[in-house]
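**Q**
Residue numbers (mature numbering (1 follows the signal peptide of the UniProt record, and there is no 0)): -29 to -1, 1 to 130.
This is the structure in structure tokens:
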């Protein structure tokens, strides 16, 4: 299986959609459902080339993403799309290069504030309590245990 590398360094202007752009290409939960979604350009008016998995053809195809909202069937590269969705039939989550699951790399770490000067309310998964909790994120840096909403955190880490 091709290894998925999560995109950790999105430009700051993409942060409002960071969950869809960065987290879903390497999420371990419910692959078959993600890959069944129709492409969604979102609410913004940008023209960003992306890829989505077309369940009918079984292929990753290009589409134009508006830059915000949308849905998780939205990948930066065709390789990320294929790595996430080619095994969707088996609902098999990808692993990182060391064989760690998404949960190990994006749900277990203690949240990191990051190195910018912003104060953004974000959610992280607390492995001790088994719940998603809030913290202040700076807007850049940090780690993958950082979600824009409680729903996103629970979907990613609780399945």
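Even glycine gets a Cβ: it sits at the ideal position worked out from N, Cα and C. Just so we're clear, the structure is a prediction, and the values are computed from it rather than from any experiment.
Which two residues bound the contiguous beta strand (DSSP E) that contains residue 22?
**A** Run containing residue 22: 19 to 25, per the beta strand (DSSP E) assignment.
**Q** Could you compute how far the alpha carbon of residue 80 sits from the alpha carbon of residue 94?
**A** Their backbone Cα atoms lie some 13 Å apart in a straight line.
**Q** Which partner residues of residue 97 appear in the DSSP bridge assignment?
**A** The partner list for residue 97 (beta bridge, DSSP) reads 102.
**Q** Taking the alpha helix (DSSP H) that residue 126 belongs to, which residues open and close that run?
**A** Segment 121 to 128, the alpha helix (DSSP H) holding residue 126.
**Q** Can you give the beta carbon distance from residue 45 to residue 21, rounded, assuming they're within the 8 Å contact cut?
**A** Rounded, the Cβ-Cβ distance is 5 Å, consistent with contact.
**Q** State the Cα-Cα distance for the pair residue 142 and residue 89, rounded to the nearest angstrom.
**A** A question about residue 142 goes unanswered here, because the residues of the chain that appear run from -29 up to 130.
**Q** How is residue 6 classed by DSSP in three states: helix, strand or coil?
**A** Three-state DSSP puts residue 6 in coil, outside helix and strand.
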